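Enquirer: Taken in order, these protein sequences are the chains called Y and F.
Under our numbering, the first residue of the first sequence carries the number 1, and numbering increases by one thereafter.
Under our numbering, the first residue of the second sequence carries the number 1, and numbering increases by one thereafter.
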Amino acid sequence: MDFSYTEEQLALQETLQRFVSREYDFETRRNLSSSDLGFSADAWKQYADLGLLSLPIPEEYGGLGGNAVDIMLIMEMVGRGLLLEPYFSSVVLSGCLIRDAAPAAMKQAVLPAIAAGKLKVAFACYEAAGRYDLAHVATRAVSDGKGGWRLTGDKSVVQDGPSADRYLVSARISGSLTDRDGLALFLVDRNAPGVSLTGYTTQCGRRAADVRFENVVVGADAMIGGPGKAIHIIERGVDRGIAALCAEAIGIMTALNEATLNHLKTRKQFGVPIGKFQALQHRMADMFIATEQARSMAIIAAVHADSDDAAARQRAISGAKTYIGQAARLVSQQAVQLHGGMGLVDEMIVSHYFKRLTMINIGFGDADYHMARFSSALEA
Amino acid sequence: MDLKYSQEEEAFRAQVRAFLEAELPSDIREKSRLGKRLAKEDFIRWQRILNAKGWGAVMWPQKFGGTGWNIVQQHIFEEERVEAGAPPQIAFAFKMVSPVLMAFGNPQQQEYFLPRILSGEHWWCQGYSEPGAGSDLASLKTSAVRSGDHYIVNGQKTWNTLGQYADWIFCLVRTSTEGRPQEGISFLLIDMRTPGITVRPITLLDGEHEVNEIWFDNVSVPLTNRVGEENQGWTYAKFLLNHERAGNAGVGTCKRALKKLKQIASEQMANGKPLIQDSRFRDRIAQVELELMALEITNLRVLSSMVNEKQALGPEVSVLKIKGSEIQQQIAELQMSALGHDALPYFHDGLDIGWVVDPLLGEHYRPYAPPLSGQYFNLRKTSIYAGSNEVQKNIISRHILGL
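#1: Going by the DSSP bridge assignment, what does residue 154 of chain F pair with across the sheet?
#2: Going along the chain, which residues of the stretch 258-272 of chain Y sit with their C-beta nearer than 8 Å to a C-beta in chain F?
#3: Does residue 348 of chain Y come out as helix, strand or coil in the three-state DSSP assignment?
#4: Please list the terminal residues of the continuous beta strand (DSSP E) segment that includes residue 99 of chain F.
#5: Would you grab the beta carbon distance between residue 291 of chain F and residue 327 of chain F for me? Rounded to a whole angstrom, and I think it's under 8 Å.
#6: Give the residues from the stretch 361-378 of chain Y that approach chain F closer than 7 Å (Cβ to any Cβ), ordered along the chain.
#7: Quick one, which residues of the stretch 303-332 of chain Y are near chain F if we go by CB-CB under 7 Å, in chain order?
#8: Can you grab the Cα-Cα spacing for the pair residue 27 of chain F / residue 315 of chain F, in whole Å?
#9: What are the residues that DSSP puts in a beta bridge with residue 212 of chain F?
#10: For residue 164 of chain Y versus residue 153 of chain Y, is the C-beta distance shorter than 8 Å?
#11: Can you tell me whether residue 14 of chain F is buried or exposed? The criterion is at least 16 other CB atoms within 10 Å of its CB, across all chains shown.
#12: Going straight from the alpha carbon of residue 361 of chain Y to that of residue 324 of chain Y, what length do you get?
#13: Check the C-beta distance from residue 365 of chain Y over to residue 132 of chain Y and give it rounded, since I have them as a contact under 8 Å.
#14: Chain Y partners of residue 285 of chain F, CB-CB under 8 Å?
#15: Taking a Cβ distance cut-off of 9 Å, strictly less, list which residues of the stretch 285-305 of chain F are near chain Y, in chain order.
#16: What residues from chain F crowd round residue 14 of chain Y, counting only those whose CB sits closer than 7 Å?
#17: Would you list the residues sitting across from residue 187 of chain Y in a DSSP beta bridge?
#18: Specify the secondary structure class of residue 30 of chain F as computed by DSSP and reduced to three states.
#19: Within 10 angstroms of its Cβ, does residue 391 of chain Y collect 16 or more other Cβ (buried), or is it exposed?
#20: Looking at the structure shown, is residue 295 of chain F part of a helix, part of a strand, or coil, going by DSSP?
#21: In whole angstroms, give me the CA-to-CA distance for residue 7 of chain Y and residue 34 of chain F.
#22: So with Cβ pairs under 8 Å, would you call residue 307 of chain F a contact of chain Y?
#23: From residue 268 of chain Y to residue 259 of chain Y, what does the alpha carbon distance come to, in whole angstroms?
#24: Is the CB of residue 214 of chain Y under 8 Å away from at least one CB in chain F?
#25: Suppose contacts are defined by Cβ-Cβ distances below 8 Å. Is residue 53 of chain Y in contact with residue 91 of chain Y by that definition?
#26: Residue 207 of chain Y lies in the beta strand (DSSP E); which residues open and close that run?
#27: Leaving out the 5 sequence neighbours to the left and right, which residues in its chain are closer than 6 Å to residue 194 of chain F when beta-carbon positions are compared?
#28: Specify whether the stretch 380-395 of chain F and the stretch 281-297 of chain Y touch according to this definition: at least 3 beta carbon pairs, one from each stretch, less than 8 Å apart.
#29: Looking only at C-alpha atoms, which of F:104, F:12 and F:21 sits nearest to residue 226 of chain F?
#30: Name the one or two DSSP bridge partners that residue 180 of chain F has.
#31: Tell me the DSSP secondary structure of residue 130 of chain F in three-state form.
#32: Using a C-beta to C-beta distance shorter than 8 Å, which residues of chain Y count as neighbours of residue 323 of chain F?
#33: Please classify residue 196 of chain Y: does DSSP put it in a helix, a strand, or coil?
#34: Could you list which residues in chain F have their beta carbon closer than 7 Å to that of residue 2 of chain Y, in chain order?
#35: Run through chain Y and tell me which residues come within less than 7 Å of residue 346 of chain F, C-beta to C-beta.
#36: Any idea what DSSP makes of residue 143 of chain Y, helix, strand or coil?
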């Protein structure tokens, strides 16, 4: 066992930290969030230059060959800075899935481009009626008789969907609506005929889209993990993504605690800093404890995210998503409470941290969903 | 960052397991398995076996005759110890007074006391709390007045765990009433055979004699039995408390208790199927399991970082104390709840080895049932002792958060 980070890991995290403090302050972020694109194209280019986009990409595809612990340290900073760029969707969720499961030709075509910041991929695997069930897939893939496929169906709330160049789409080749068998993944160009989308802003100031696929033709080389066996690939990819979201949440919770503590020390009522009141001190102590425990769960999630042992991985990931969901709810609600009315103000970063944490909790399975997954696999 | 045990660590675990397998007396193992009372002799017998192996003090540095094991090795040993059913080492001796002696005692005190702890010759108890000094420990009144080369000690201590077995007691006493209350406290080591000491049992809500009151009536204590400087005892007291709290996480014990909870919930039936298949009950188990998964890592993370940076244990141990105490309580509550109506019967003899259940009752009342309700009641102590959890939050607020 080893509870330390390497110098390289810490150096990369510090690089992003410096970038955030120098070029991505809260005001900048607010303006970016309301811009047409919804994030900074310039920051995206800088992430590429800093090596962040190539972090989990294997060296043979122009990457750094990093692991999930490396990603964890970066995602903490993504959380702290409330970064709007599609790092999570494109690099962590889609990039890692392609790295692990795509055919060699697709890796060759896509991974170097992701690493260089020239290609963004969004993950389109949830459907409205399926809630959090990744096997609930009504989207159909029908053979076109020439080795390729025709996709038809709707994907909902595709995070970072509006800016994506490609979509990773789950589609059903065989079986009924919620069968775990019969699924495949396809990499689809957003400009392919038959792809349409409705984009919108999310509660946390990011962008998402509902995407429709109508008889979209893709070649045989666009398929990942098929035909029919993609559920394990999808679940593994999502588990890896959840580990990263857990780390993002830890970054936010840490920052929220700092902001709240600062408020308790400076805000005066009844003639004293409000941090002198024991009722508030103990609340703050609870937030600190919850964050440290949640940090441990994020570490557990990260070290299991790369694991091939599906049962151990799911246990760690669902456990972490549940625990961090609960802890983040406590920390973010109480941070707002302790800030008083100021916690509700749009100009205060606290309210934005609160909203992002809330949306992290809801996305990719909420605490109830993951508690059920963890609990039903309880080991004797 | 790596949460996997290395090959060396796995080999160490195998070595510990083989030792426990070979050396732990089967009668002690059986008592632990069934939650029966352990006698003083059981603890001492086991201590002698450990000491003969050279493992007499798991958490001490080698310099003082300890194992010199690192935090992960200590964690592994503790997991295996609990799993095997070996008694814990008495914390008052091994985790409280000894770190104080090592850090602040003089060579004569170290050479006299530490080997006698290792050999099992000296049983120690704690003399901190008083009837009027609980959370406000510094308000303690037990006085020590100099008379020649002795102190004359008068006063009352309370909650002295297993004081009925003790050969020695470490006491916080008031040697000055000048200045702040914290500034007039000294740390004394007192031989329990000294004339003027009276020990009275306090029976707790589980019917057990675990704690005592101890009166000091003109008890004469040599000045040489003071640790460190006169009136500096508060510093040593806080140092000791950090060591006590670091041990309060009890991760190994909790992991074993959680396993037992799952076994109980698998055997107890509800609506024609094992209770553990009731999703409402199972989710409650899952919830405490999550807390414990997190605490195991928090515990190792916090302790490793302090050891690696050669720091004394800091206020972060309060986090471990709060979480560990809550988890122990939650598991005990679920173990009791799992019994349903079988949580109600109370048999004082049920904790004695050899007790036989009445045949009619025995049709449903399982061998693991007798201690469970009592343990639930008893473990309410964990959020109260070693500084109540509210005091721990005060410590976190002041010393970590700076409020």
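For each residue, glycine too, the CB sits at the ideal point set by N, CA and C.
Computed from a predicted model, the values in this text were never measured in an experiment.
Expert: Taking the coordinates as given:
#1: F:143
#2: 261, 264 and 265
#3: coil
#4: First-last for residue 99 of chain F: 98-104, but that is the alpha helix (DSSP H), not the beta strand (DSSP E).
#5: 5 Å
#6: 371, 374, 375 and 378
#7: 303, 319, 322 and 323
#8: 40 Å
#9: F:201
#10: no
#11: exposed
#12: 8 Å
#13: 4 Å
#14: 375 and 378
#15: 285, 286, 287, 289, 290, 291, 293, 294, 295, 296, 297, 298, 299, 300, 301, 302, 304 and 305
#16: Chain F residues near residue 14 of chain Y: none, gap ~16 Å exceeds 7 Å.
#17: Y:168
#18: helix
#19: Residue 391 of chain Y falls outside the range modelled here, since chain Y spans only 1 to 380, and no answer is possible.
#20: helix
#21: 49 Å
#22: no
#23: 15 Å
#24: no
#25: yes
#26: 207-218
#27: 219
#28: yes
#29: F:104
#30: Answer by DSSP bridge pairing: none, since residue 180 of chain F is not bridged.
#31: strand
#32: 289 and 293
#33: strand
#34: 1 and 2
#35: Near residue 346 of chain F there are no residues of chain Y at all, since even the closest Cβ is about 29 Å away, more than 7 Å.
#36: strand
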